[in-house]
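There are 2 protein chains.
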Amino acid sequence: MTTKTYGQYCGVARALELVGERWALLIIRDLLVAPKRYTDLRAGLPRIPTNVLATRLKELEQAGIVTRRVQPRPSGAIVYELTPYGEDLDQVVLALGRWGARSLGELRPGEIATAETLVMALRSTFEPGDVKASYELRFGEVVVHAVVDGESLEAAPGPLPDADLAIEAYAPLSPLLNGELDAKAALAAGLVSTSGSIAALARFAKLFRIGPTPAVA
Amino acid sequence: MTTKTYGQYCGVARALELVGERWALLIIRDLLVAPKRYTDLRAGLPRIPTNVLATRLKELEQAGIVTRRVQPRPSGAIVYELTPYGEDLDQVVLALGRWGARSLGELRPGEIATAETLVMALRSTFEPGDVKASYELRFGEVVVHAVVDGESLEAAPGPLPDADLAIEAYAPLSPLLNGELDAKAALAAGLVSTSGSIAALARFAKLFRIGPTPAVA
DNA sequence: CTGGATCCACACAGATACTG
DNA sequence: CAGTATCTGTGTGGATCCAG
Numbered sequence: 634m635t636t637k638t639y640g641q642y643c644g645v646a647r648a649l650e651l652v653g654e655r656w657a658l659l660i661i662r663d664l665l666v667a668p669k670r671y672t673d674l675r676a677g678l679p680r681i682p683t684n685v686l687a688t689r690l691k692e693l694e695q696a697g698i699v700t701r702r703v704q705p706r707p708s709g710a711i712v713y714e715l716t717p718y719g720e721d722l723d724q725v726v727l728a729l730g731r732w733g734a735r736s737l738g739e740l741r742p743g744e745i746a747t748a749e750t751l752v753m754a755l756r757s758t759f760e761p762g763d764v765k766a767s768y769e770l771r772f773g774e775v776v777v778h779a780v781v782d783g784e785s786l787e788a789a790p791g792p793l794p795d796a797d798l799a800i801e802a803y804a805p806l807s808p809l810l811n812g813e814l815d816a817k818a819a820l821a822a823g824l825v826s827t828s829g830s831i832a833a834l835a836r837f838a839k840l841f842r843i844g845p846t847p848a849v850a
Numbered sequence: 634m635t636t637k638t639y640g641q642y643c644g645v646a647r648a649l650e651l652v653g654e655r656w657a658l659l660i661i662r663d664l665l666v667a668p669k670r671y672t673d674l675r676a677g678l679p680r681i682p683t684n685v686l687a688t689r690l691k692e693l694e695q696a697g698i699v700t701r702r703v704q705p706r707p708s709g710a711i712v713y714e715l716t717p718y719g720e721d722l723d724q725v726v727l728a729l730g731r732w733g734a735r736s737l738g739e740l741r742p743g744e745i746a747t748a749e750t751l752v753m754a755l756r757s758t759f760e761p762g763d764v765k766a767s768y769e770l771r772f773g774e775v776v777v778h779a780v781v782d783g784e785s786l787e788a789a790p791g792p793l794p795d796a797d798l799a800i801e802a803y804a805p806l807s808p809l810l811n812g813e814l815d816a817k818a819a820l821a822a823g824l825v826s827t828s829g830s831i832a833a834l835a836r837f838a839k840l841f842r843i844g845p846t847p848a849v850a
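Chain order of the listed sequences is A and B. Sequential numbering from 634 applies to the first sequence in the working numbering. Sequential numbering from 634 applies to the second sequence in the working numbering.
Written out as structure tokens, the structure reads:
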């Protein structure tokens, strides 16, 4: 798509020319969480062909969205990082994540969740309010945490040992977050277990609520 | 991409599976302005191959994003319209448009602007404030109007004869809107002419301000 | 005229193997 | 670790054709 243009003088078209290709916004999603090395990106995007990853990174670098930095010795590692311009895609990725969350449904066979997908899920579904609380969320091997204080949310990979509430999910939490199950029912169904009360889990579910699953023809 | 999945349990990935294919979000952009017939969509997207348009419309219909309606006789016309689920992509398209507007730059050879691209440009760059005003904006053949009242903006195709300010653009207004030129300089440069004062044009430019052009490597 | 379907050439994505 | 090389298949682009 880099060479292919849409022929329209339009911000949407320009944006899609820059980041509309397959995998591009998923690479950016992962880099929004933290700078990463080539191998880290591959690990977070297991299905991406390596030549496509290499090509995208070059295109994104060319477009001024990503920078490629060689770390000083002794590490010598190569790190990909978003430029400020690339970081401005945050709102685009969050909007996409918010809209797409409603279609998540069941975990499909072979599908994975990473710390990056969970962090962006929390960030995109966050509804600011009056709550002040901290959470540790576990889903299999993947652990992330979130600190909520009114309008502000900090979400990042890794544990938070002294979180107000620790949540262990045994399956996608969509039914809890879209209102299909309330906190009590989700616990009863074995979807989730927590270190706290039903009320605390309900508050969590309200903070990161997603819309109802859309009807499909 | 409909059959091709990203293998990630992630809202962003789901969204891209549904609307991440080439042309899809541009079709949705045009439908966000108003429902359209097949031929109208072709007219607004001159470079889209007809088979791709037909395929996208089927996929989007399948996904519950677009509906295909046959109008009652005598028109019998077929109209494509967004479902409520599809309309929820508004925020995604606006976020993309806002980000991409900064990279618009010059009008490239063969590139066109339509009423739909102008309407979305106004909507995506609108910065709510204390202003109450109405505008008619002309760019070649294309005429759109906007009514601003504090937080609210209504933008739509077509003229608005009794607008507070009529603006005729002879070239893209990016230099005016990104602060490269101020209102006085833009008028002096022949970029634009208006029915009103320099101050009125400056207020317009402030309402629909876009960020600075990103530096590219 | 609208609303597509069909055909072909080709660029790009997918998969895997290989290298500095 | 960070890619490149190669092969294959599918989706896209572009033009044309066709039915109501």
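Note that the Cβ used here is the ideal one computed from N, Cα and C, for glycine as well.
Residue range of the beta strand (DSSP E) that includes residue i
i: Ala779 (chain B); result: Val775 to Asp782
i: Val825 (chain B); result: Val825 to Thr827
i: Ile859 (chain A); result: No answer is possible for residue 859 (chain A): the residues shown for chain A start at 634 and end at 850.
i: Val652 (chain B); result: Segment Gly644 to Val652 is the alpha helix (DSSP H) holding Val652 (chain B); no beta strand (DSSP E) there.
i: Tyr768 (chain A); result: Lys765 to Phe772
i: Arg701 (chain B); result: Val699 to Val703
i: Leu786 (chain A); result: Ser785 to Pro790
C-beta contact flag for residue i and residue j at 8 Å
i: Val645 (chain B); j: Leu659 (chain A); result: yes
i: Arg675 (chain B); j: Thr683 (chain B); result: yes
i: Leu755 (chain B); j: Ala804 (chain B); result: no
i: Ala779 (chain B); j: Ser767 (chain B); result: yes
i: Pro847 (chain B); j: Tyr642 (chain A); result: no
i: Leu816 (chain B); j: Ala789 (chain B); result: First, the residue type needs correcting, since residue 816 (chain B) is Ala and not Leu in the sequence shown. No, they are not a contact pair.
i: Val781 (chain A); j: Ile800 (chain A); result: no
i: Ile831 (chain A); j: Ala734 (chain A); result: no
i: Gly762 (chain B); j: Leu840 (chain B); result: yes
i: Val777 (chain B); j: Val752 (chain B); result: yes
i: Leu722 (chain B); j: Val652 (chain B); result: yes
i: Arg836 (chain B); j: Val764 (chain B); result: yes
i: Val849 (chain A); j: Ala819 (chain B); result: no
i: Ala710 (chain B); j: Arg670 (chain B); result: yes
Spatially closest choice to residue i from the options, by CA coordinates
i: Ala648 (chain B); options: B:Thr827, B:Pro805, B:Ala804 and B:Val725; result: B:Val725
i: Gly640 (chain A); options: B:Leu834, B:Glu744 and B:Ala848; result: B:Glu744
i: Ser828 (chain A); options: A:Ala789, A:Val780 and A:Arg771; result: A:Arg771
i: Thr750 (chain B); options: B:Ala667, B:Tyr713 and B:Gly783; result: B:Ala667
i: Gly738 (chain B); options: B:Leu806, B:Val685 and B:Glu650; result: B:Leu806
i: Glu720 (chain A); options: A:Lys637, A:Leu693 and A:Glu769; result: A:Leu693
i: Trp732 (chain A); options: B:Ile698, B:Gly709 and B:Leu809; result: B:Ile698
i: Leu678 (chain B); options: A:Ala819, A:Gly677 and A:Thr638; result: A:Thr638
i: Pro845 (chain B); options: B:Pro808, B:Ile681 and B:Glu650; result: B:Pro808
i: Asp797 (chain A); options: A:Ala821, A:Ala819, A:Glu769 and A:Ala818; result: A:Glu769
i: Gly773 (chain A); options: A:Leu793, A:Ala802 and A:Pro794; result: A:Ala802
i: Ala657 (chain A); options: A:Arg670, A:Ala687 and A:Val712; result: A:Ala687
i: Thr672 (chain B); options: B:Glu787, B:Val712 and B:Arg702; result: B:Val712
i: Leu665 (chain A); options: A:Leu793, A:Ser708 and A:Glu787; result: A:Glu787
Boundaries of the alpha helix (DSSP H) in which residue i is found, first to last residue
i: Ser807 (chain B); result: Ser807 to Leu810
i: Pro717 (chain B); result: Pro717 to Glu720
i: Glu749 (chain A); result: Ala748 to Thr758
i: Val726 (chain A); result: Asp723 to Ala734
i: Leu665 (chain B); result: Ala657 to Val666
i: Lys637 (chain A); result: Unbroken run through Lys637 (chain A): none, as it is neither H nor E.
i: Glu744 (chain A); result: Careful: Glu744 (chain A) lies outside any alpha helix (DSSP H) and carries neither H nor E.
i: Arg689 (chain A); result: Thr683 to Gln695
i: Leu840 (chain B); result: Ile831 to Leu840
Within chain B, partners of residue i - CB distance below 7 Å
i: Asp721 (chain A); result: Trp732
i: Arg647 (chain A); result: Gly733, Ser736 and Leu737
i: Tyr718 (chain A); result: Pro847
i: Arg662 (chain A); result: Val645
Exposed unless 16 or more other CB atoms sit within 10 angstroms - verdict on residue i
i: Ser851 (chain B); result: Outside the shown range of chain B (634 to 850) lies residue 851 (chain B), about which nothing can therefore be said.
i: Leu727 (chain B); result: buried
i: Thr758 (chain B); result: buried
i: Asp663 (chain A); result: buried
i: Glu861 (chain B); result: Coverage of chain B is limited to positions 634 through 850, which leaves residue 861 (chain B) absent and any answer about it impossible.
i: Glu813 (chain A); result: exposed
i: Glu650 (chain B); result: buried
i: Ala822 (chain A); result: exposed
Proximity test, residue i beta-carbon vs the ligand ATP heavy atom, cut-off 7 Å
i: Lys691 (chain A); result: Looking at this structure, you won't find the ligand ATP or any other ligand, since it has none at all.
Proximal residues of chain A, C-beta to C-beta of residue i below 7 Å
i: Glu744 (chain B); result: Gly640, Gln641 and Tyr642
Under 8 Å from the C-beta of residue i: neighbouring residues of chain A
i: Thr688 (chain B); result: Residues of chain A passing the Cβ test: none, with the nearest at roughly 16 Å.
Neighbour list for residue i in chain B, Cβ cutoff strictly below 9 Å
i: Ser757 (chain A); result: Gly644 and Val645
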